[in-house]
Amino acid sequence: MAALYKNAPLVHTAFEARFFGDLAIETRRDQFQQLVRADFPKLYVPNTVPGKAPALQPYQFRTEDNSATVNLAVNSFAYSTSRYSGFEAFKVTLEGVWKLFSDFFEVSTFTRLGLRYINHLPIIREEGGSISLSRYVTAKLNIAPGFPSGKIHDLDFTISCEMPGGRLRFLMQNAKREDGLEVLILDLDFARQGPIDKDERPSFIETSHEQIETVFFDLISKEYKEIMKGGT
Amino acid sequence: MNGAVAYNMFEDQYSDAQHDVLPIVRIKPKRLLENEDFSSGEELELDEGKGNQVLVLPVKEVSNDRYKVSLRKPIPIYLEGKNRQYIAMHEESRICGEGQDAQAAFRDFEASFVSVYLSYRDSKDLSPGAKEYAGFLSQLVAKIEEV
Numbered sequence: 002m003a004a005l006y007k008n009a010p011l012v013h014t015a016f017e018a019r020f021f022g023d024l025a026i027e028t029r030r031d032q033f034q035q036l037v038r039a040d041f042p043k044l045y046v047p048n049t050v051p052g053k054a055p056a057l058q059p060y061q062f063r064t065e066d067n068s069a070t071v072n073l074a075v076n077s078f079a080y081s082t083s084r085y086s087g088f089e090a091f092k093v094t095l096e097g098v099w100k101l102f103s104d105f106f107e108v109s110t111f112t113r114l115g116l117r118y119i120n121h122l123p124i125i126r127e128e129g130g131s132i133s134l135s136r137y138v139t140a141k142l143n144i145a146p147g148f149p150s151g152k153i154h155d156l157d158f159t160i161s162c163e164m165p166g167g168r169l170r171f172l173m174q175n176a177k178r179e180d181g182l183e184v185l186i187l188d189l190d191f192a193r194q195g196p197i198d199k200d201e202r203p204s205f206i207e208t209s210h211e212q213i214e215t216v217f218f219d220l221i222s223k224e225y226k227e228i229m230k231g232g233t
Numbered sequence: 016m017n018g019a020v021a022y023n024m025f026e027d028q029y030s031d032a033q034h035d036v037l038p039i040v041r042i043k044p045k046r047l048l049e050n051e052d053f054s055s056g057e058e059l060e061l062d063e064g065k066g067n068q069v070l071v072l073p074v075k076e077v078s079n080d081r082y083k084v085s086l087r088k089p090i091p092i093y094l095e096g097k098n099r100q101y102i103a104m105h106e107e108s109r110i111c112g113e114g115q116d117a118q119a120a121f122r123d124f125e126a127s128f129v130s131v132y133l134s135y136r137d138s139k140d141l142s143p144g145a146k147e148y149a150g151f152l153s154q155l156v157a158k159i160e161e162v
């Protein structure tokens with residue numbers, strides 16, 4: 002989100018549609034690969050995971066630089082990117098790959114639709130090792146009287162709540178990335194459970210984006226909002 | 016799930032189907048390991064697909080062991096690095112710090128910022144370019160106090 006912000010903390014955006022399993026997807030996967038190969042030339046196949054049905058693990062078609070994928074399984078389609086340059090641009094790319102998929106496979110009803118934005122805000126701990134949460138977010142975690150919220154050392158918080166048009170699952174946690182930098186993850190995943198008619202998909206995307214954006218900007222601290230805009 | 020069989024994207028590992036390489040092993044956020052209700056997305060973020068995003072920290076106060084500098088408004092400090100080489104940088108002032116981890120790089124940045132600010136503030140006979148730079152720094156700072 003906040004694509005036009007120079008210093009937006011967004012690292013990942015994904016759209017996912019789930020539907021009743023269709024074996025045509027498995028049998029015609031080669032033809033789908035031909036359709037997306039120009040933009041997603043890399044093919045990644047899922048490894049065997051004990052206890053998991055292979056057909057439900059998506060094949061991944063990736064861009065040359067690994068910045069975006071189309072995931073395809075017998076009961077799901079997903080498009081995700083780590084290079085988000087605005088909601089409108091995201092939709093254009095998504096609709097491009099969605100059209101290839103929907104022209105090729107007949108899916109009339111979805112069992113679940115989801116739009117997800119993952120943000121990483123870098124953490125520099127205070128002297129003594131605590132995390133100054135107010136530097137990043139407006140959320141206050143004094144969940145009960147006498148529960149100290151000022152000196153947080155570790156955080157792992159998830160809430161799932163009903164909102165107009167669906168359900169938002171929000172996750173906030175600190176984690177160390179592969180590059181060694183510690184970040185505060187703000188993960189906003191808006192989903193609607195089916196049955197959902199295929200014609201409702203575009204309006205779902207608009208609604209979910211609006212809801213996520215509203216929550217995000219309510220959540221992010223004034224300090225962080227100022228630096229997101231860039232300058233100085 | 017209304018008939019759809021849930022799967023957990025985050026426990027999957029993938030193999031490159033075109034090159035014979037080892038599977039990518041991802042670091043998974045702790046909470047997601049247990050959850051099947053998230054939409055897909057996280058799987059790319061922590062492997063080679065990321066790296067184009069620079070992490071930015073808002074900073075309103077900068078201090079070393081002697082001074083605390085309060086800024087008029089938050090400035091963005093860019094943090095990046097890997098393999099025990101990290102930098103914290105303020106782009107506009109071109110002041111940066113380095114260290115073996117992000118904390119150390121940031122502390123080094125703070126020390127550099129205070130030092131650079133004081134030296135420009137206290138210097139006489141600055142060249143026109145240096146005067147301009149000193150003016151820029153003084154615009155950033157609201158007050159400085161000894162601690």
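Here the protein sequences line up with chains A and B, keeping their order.
The opening residue of the first sequence carries number 2 in my numbering; numbering runs sequentially from there.
The opening residue of the second sequence carries number 16 in my numbering; numbering runs sequentially from there.
Glycine included, every Cβ here is placed at the ideal spot set by N, Cα and C.
Self-check item: Residues of the region 108 to 121 of chain A with Cβ closer than 8 Å to any Cβ of chain B, in chain order
Solution: The residues in question are Thr112, Arg113, Gly115, Leu116, Arg117, Ile119, His121.
Practice problem: Taking B:Leu70 as the query, report the chain A residues whose CB atoms sit under 8 Å from its CB, ordered along the chain. | Solution: Those within 8 Å of B:Leu70 in chain A are Pro10, His121, Leu122, Pro123, Leu182, Val184.
Practice problem: Determine the DSSP secondary structure at B:Val36, reduced to helix, strand or coil. | Solution: Since pLDDT at B:Val36 reaches only 46, below the 50 mark, its modelled position is unreliable, and the value read off the structure follows with that caveat. In the three-state scheme derived from DSSP, where H, G and I count as helix and E and B as strand, B:Val36 is classed as coil.
Quiz item: Excluding five sequence neighbours on each side, which residues of the same chain lie with their C-beta closer than 7 Å to the C-beta of B:Leu141?
Solution: So the list reads Ala149, once near-sequence residues are dropped.
Quiz item: Taking 6 Å as the line, does the beta carbon of A:Val37 fall inside it for any heavy atom of the ligand ATP?
Solution: Inclusion of the ligand ATP in the displayed structure is not the case, the ligand content being empty and no account of it being possible.
Exercise. Just tell me which of A:Pro165, A:Gln174, A:Leu169 has its CA closest to the CA of A:Leu156.
Key: Selected option, being the one with the closest Cα: A:Gln174.
Quiz prompt | Residue interval of the beta strand (DSSP E) (run including A:Leu172) | solution = For A:Leu172, the enclosing beta strand (DSSP E) stretches over residues 167 to 177.
Quiz item: According to the Cβ coordinates, are B:Ser108 and B:Lys158 closer than 7 Å?
Solution: Contact: no.
Practice problem: Alpha carbon to alpha carbon, how far is A:Asp219 from A:Asp104? Give it in angstroms, no decimals. | Solution: The alpha-carbon atoms of A:Asp104 and A:Asp219 are separated by roughly 39 Å.
Exercise. Determine the direct distance from the alpha carbon of B:Asn79 to that of B:Leu72, and round the result to whole angstroms.
Key: Distance from the CA of B:Leu72 to the CA of B:Asn79, rounded to the nearest whole angstrom, comes to 18 Å.
Quiz item: Which bits of chain B does A:Val71 rub up against, with CB to CB less than 7 Å?
Solution: Result: empty, since nearest Cβ-Cβ is about 11 Å, beyond 7 Å.
Practice problem: May I have the straight-line CA-CA distance separating A:Asp198 from A:Val108, to the nearest angstrom? | Solution: Cα to Cα, A:Asp198 sits roughly 9 Å from A:Val108.
Quiz prompt | Local conformation of A:Thr64 per DSSP, three classes | solution = Three-state result, A:Thr64: coil.
Exercise. Please look up how many angstroms separate the CB atoms of A:His154 and A:Ser81, rounded, as I've assumed it's under 8 Å.
Key: Their Cβ separation, rounded to whole angstroms, is 31 Å, which puts A:His154 and A:Ser81 out of contact at 8 Å.
Quiz prompt | A:Arg113 to A:Asn76 span [Cα, whole Å] | solution = Each residue's CA atom was taken as its position, placing A:Arg113 and A:Asn76 some 10 Å apart.
Practice problem: Would you kindly work out how many angstroms separate the C-alpha atoms of A:Glu201 and A:Gly22, rounded to a whole number? | Solution: C-alpha separation (whole angstroms): 19 Å.
Practice problem: Could you tell me which residues DSSP pairs with A:Thr208 in its beta bridges? | Solution: For A:Thr208, which the question treats as bridged, DSSP gives no partner whatsoever.
Quiz item: Between the region 73 to 93 of chain B and chain A, which residues of the former have a C-beta closer than 7 Å to a C-beta of the latter?
Solution: Under the 7 Å Cβ criterion, the region 73 to 93 of chain B contributes Pro73, Lys75, Lys88, Pro89, Ile90, Pro91.
Quiz prompt | N- and C-terminal bounds of the alpha helix (DSSP H) containing A:Ala25 | solution = First-last of the alpha helix (DSSP H) with A:Ala25: 24 to 28.
Quiz item: How long is the line joining the alpha carbons of A:Asn72 and B:Ser134, rounded to whole angstroms?
Solution: Distance between the alpha carbons of A:Asn72 and B:Ser134 is about 56 Å.
Quiz item: Looking at the structure shown, is A:Lys53 part of a helix, part of a strand, or coil, going by DSSP?
Solution: Three-state DSSP puts A:Lys53 in coil, outside helix and strand.
Self-check item: C-alpha distance - A:Leu116 paired with A:Glu89, whole-angstrom precision
Solution: A direct Cα-to-Cα measurement between A:Leu116 and A:Glu89 gives close to 14 Å.
Quiz item: Could you check where the beta strand (DSSP E) with B:Leu155 kicks off and where it finishes?
Solution: Annotation: B:Leu155 is outside any beta strand (DSSP E); the continuous alpha helix (DSSP H) that includes it extends over 143 to 155.
Quiz item: Of all Cβ atoms in chain B, is any one closer than 7 Å to the Cβ of A:Val46?
Solution: Closer than 7 Å to some Cβ of chain B, the Cβ of A:Val46 qualifies, so yes.
Self-check item: Interfacial residues, the region 131 to 152 of chain B to chain A, with Cβ spacing under 8 Å
Solution: Correct list: empty, as no residue qualifies.
Quiz prompt | Range of the contiguous beta strand (DSSP E) that encloses A:Gln194 | solution = Residues 183 to 198.
Exercise. Compare the C-alpha of A:Leu122 against each of A:Ile186, A:Ala79, A:Pro51, A:Thr64 and name the closest.
Key: Distances from the CA of A:Leu122 to each of A:Ile186, A:Ala79, A:Pro51, A:Thr64 were compared; the closest alpha carbon is that of A:Ile186.
Quiz item: Which one or two residues does DSSP pair with A:Asn72 in a beta bridge?
Solution: According to DSSP, A:Asn72 bridges with A:Gln61, A:Ala79.
Quiz item: Do the CB positions of A:Leu189 and A:Ile160 come within less than 7 Å of each other?
Solution: Contact annotation: A:Leu189 and A:Ile160 have beta-carbon atoms that are not nearer than 7 Å.
Practice problem: Count the other C-beta atoms from every protein chain shown that fall within 10 angstroms of the C-beta of B:Ala103, then say buried if there are 16 or more, exposed otherwise. | Solution: Around the CB of B:Ala103, 16 or more other CB atoms lie within 10 Å, so the residue is classed as buried.
Exercise. Report the three-state DSSP secondary structure of A:Ile144 (helix, strand or coil).
Key: Here DSSP, grouped into helix, strand and coil, assigns A:Ile144 to coil.
Quiz item: Taking the C-alpha atoms as reference points, what is the distance between B:Val77 and A:Tyr6?
Solution: As the crow flies, the alpha-carbon of B:Val77 is around 24 Å from that of A:Tyr6.
Quiz item: So is A:Ile197 in contact with chain B if we call contact Cβ pairs under 7 Å?
Solution: False, the Cβ-Cβ gap to chain B never drops below 7 Å.
Quiz item: Quick one: what's got a C-beta closer than 6 Å to B:Leu37's C-beta in the same chain, skipping five residues either side?
Solution: At B:Leu37, the pLDDT of 43 sits below 50, so the modelled position is not reliable; the number obtained from the coordinates is stated separately. Within the same chain, no residue comes within 6 Å of B:Leu37 by CB-CB distance, once the 5 residues on both sides are set aside.
Quiz prompt | Rounded straight-line distance, which links the Cα of A:Pro55 to that of A:Glu1 | solution = Beyond the ends of chain A as shown, which are 2 and 233, falls residue 1 of chain A; an answer cannot be given.
Exercise. Pull out every residue of the region 114 to 126 of chain B whose Cβ sits closer than 7 Å to any Cβ of chain A, in chain order.
Key: Of all residues in the region 114 to 126 of chain B, Asp116, Ala117, Gln118, Phe121 have a Cβ within less than 7 Å of some Cβ in chain A.
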